[in-house]
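A.B. asks: When we follow my numbering, the leftmost residue of the sequence shown carries the number 435, and every step to the right adds one.
Handing you a structure now.
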Amino acid sequence: MIYYLLKGLHLLAMGAWLGASITSPLEILRTLSRGRPYVDLIPEQVARADKVLIPAALLTLLTGLGLMQTTQGFITAPWRFWAGFGLTLGLLLLAKLGLEPTKKRLVLAVQGPGEAAALGALRGRFIGLVTAWHVGFVIILVLMVYPF
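So, in structure tokens, the structure goes:
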């Protein structure tokens with residue numbers, strides 16, 4: 435019974451995490467392309483997305499560890515689960531050290547005088563980090579689903 439509860443929570447949390455990580459950057463980029471006065475909405479968009487992304491990421495991580503423990507135990511868990519766990523930690527670091535500062539700089543850039551070149555560079559960095567994030571997510575999904 436506990437296995438199915440963990441599995442259901444894990445899938446729901448992962449779905450929310452993945453869904454928010456896809457829609458949030460698209461919304462931010464769409465708002466950036468519209469220019470003023472719409473860019474003033476970006477701080478609110480970032481805060482709203484973080485309310486979903488952070489809890490969903492932590493719940494995904496914790497339920498994944500719970501699933502590892504209830505099925506095989508940590509010691510005998512297959513390498514692919516450990517690789518997925520390591521990549522998940524890597525994604526969390528990418529979010530904390532890469533995406534968060536970039537989002538904060540984007541917010542400051544749109545609230546200030548907003549030079550087009552600086553904003554364009556931040557937009558490019560944001561797109562690159564989001565792309566790396568999604569590539570990592572796809573790798574984790576393949577590791578978790580496909581039995582190598």
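Built from N, CA and C at the ideal position, the CB exists for glycine as well.
The structure presented is a predicted model; accordingly, all values stated were derived computationally and were not measured.
Should leucine 521 and glycine 570 be called a contact, given that it needs their Cβ atoms to be closer than 8 Å?
C.D. replies: Walking along the sequence shown from the start, residue 521 turns up at place 87. Walking along the sequence shown from the start, residue 570 turns up at place 136. Yes, the Cβ-Cβ distance between leucine 521 and glycine 570 is below 8 Å.
A.B. asks: Could you give the distance in angstroms between the alpha-carbon of tryptophan 451 and the alpha-carbon of leucine 443?
C.D. replies: Along the sequence shown, one-based indexing puts residue 451 at 17. Along the sequence shown, one-based indexing puts residue 443 at 9. Spanning the two alpha carbons is a distance of roughly 12 Å.
A.B. asks: Specify whether the segment 451-471 and the segment 482-493 touch according to this definition: at least 3 beta carbon pairs, one from each stretch, less than 8 Å apart.
C.D. replies: Result yes; three or more Cβ-Cβ pairs closer than 8 Å.
A.B. asks: When we look at the beta-carbon of lysine 537 and count the other beta-carbons within 10 Å, is it buried (16 or more) or exposed?
C.D. replies: Residue 537 sits at position 103 when you count from the first residue of the sequence shown. With 16 or more Cβ atoms within 10 Å of its Cβ, lysine 537 is classed as buried.
A.B. asks: Count the C-beta pairs between the segment 476-485 and the segment 501-515 that are closer than 8 Å, then say yes if the count reaches three, no if not.
C.D. replies: Judged by Cβ distances under 8 Å, the segment 476-485 makes no contact with the segment 501-515, as fewer than three pairs qualify.
A.B. asks: Apart from the five residues on each side of it in sequence, which residues of its chain come closer than 7 Å, Cβ to Cβ, to leucine 495?
C.D. replies: Here residue 495 refers to the residue found at position 61 of the sequence shown. Excluding residues within five positions, the ones whose Cβ falls inside 7 Å are Thr522.
A.B. asks: Grab me the residues of leucine 553's own chain with a C-beta within less than 6 Å of its C-beta, minus the 5 sequence neighbours each way, in chain order.
C.D. replies: Indexing the sequence shown from 1 puts residue 553 at position 119. Ala543, listed in sequence order.
A.B. asks: Sorted by chain position, which residues of the same chain lie with C-beta nearer than 8 Å to arginine 557's C-beta, five sequence neighbours on each side aside?
C.D. replies: For the purposes of this step, residue 557 is identified with residue 123 of the sequence shown, where counting begins at 1. Cβ within range, chain order: Leu463, Leu466, Leu540.
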